[in-house]
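Trainee: All letters in the sequence shown, in the order written, are residues 16 to 138 by this note's numbering.
Here's a structure for you.
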Amino acid sequence: MTSGFTYIMTNKYHNVLYTGCTTDIVRRVSQHKNHFYKGSFSDKYNCEYCVYMEEFSDYKSAINRENQIKNMSKKEKLDLIRAKNPEWKELVTEKGIVRAKEPWEQQVKRVISEIKKEMTSHK
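Structure below.
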């Protein structure tokens with residue numbers, strides 16, 4: 016099954032929001048940044064910064080979440096972004112998903128936890 020991402024893009028002034036979903040977040044953000052779809056909403060309003068992202072194990076869940084977010088008011092979308100990304104940092108670039116720097120020990124614990132979780136989900 017294909018995983019999916021739901022995301023919100025904005026412009027440099029943070030006054031326009033674009034919600035979408037994709038199976039390849041890095042490729043899709045690159046398309047937004049390079050105005051791949053000329054004349055589209057995100058092209059017209061310069062939505063080049065990914066400030067919100069959720070990952071799902073299946074694409075259908077990503078589509079469902081996209082629809083939920085699209086039905087939210089602008090205030091609710093702003094609250095969603097602020098709760099997860101209060102500094103409005105760019106979360107995805109053309110080079111990949113931006114990960115917060117974490118100490119080596121913390122990285123090891125996280126990876127072990129993810130492996131254990133993965134192993135128990137396949138039983």
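C-beta atoms are modelled at their ideal positions from N, C-alpha and C, and glycine is treated no differently.
Given the structure is predicted, the values throughout are model-derived calculations rather than measurements.
1) Determine, using beta-carbon pairs with one atom in the segment 79 to 91 and one in the segment 123 to 132, whether at least three such pairs fall under 8 Å.
2) Give me the Cα-Cα distance between serine 72 and glutamate 63, rounded to the nearest whole angstrom.
3) Can you have a look at histidine 29 and say buried or exposed, based on whether 16 or more other CB atoms are within 10 angstroms of its CB?
4) Over what stretch of residues does the alpha helix (DSSP H) that includes leucine 95 continue unbroken?
5) Ignoring anything shorter than 3 residues, give me the beta strand (DSSP E) runs that lie fully in the segment 19 to 51, in order along the chain.
Mentor: The structure says:
1) no
2) In the sequence shown, the residue the question calls residue 72 occupies position 57. In the sequence shown, the residue the question calls residue 63 occupies position 48. Distance between the alpha carbons of serine 72 and glutamate 63 is about 25 Å.
3) As a working note, residue 29 is residue 14 in the sequence shown. By the 10 Å Cβ count, histidine 29 comes out exposed.
4) The residue you call residue 95 lines up with position 80 of the sequence shown. Run containing leucine 95: 89 to 99, per the alpha helix (DSSP H) assignment.
5) Taking only runs of at least 3 residues, the beta strand (DSSP E) segments lying wholly in the segment 19 to 51 are 19 to 25, 32 to 37.
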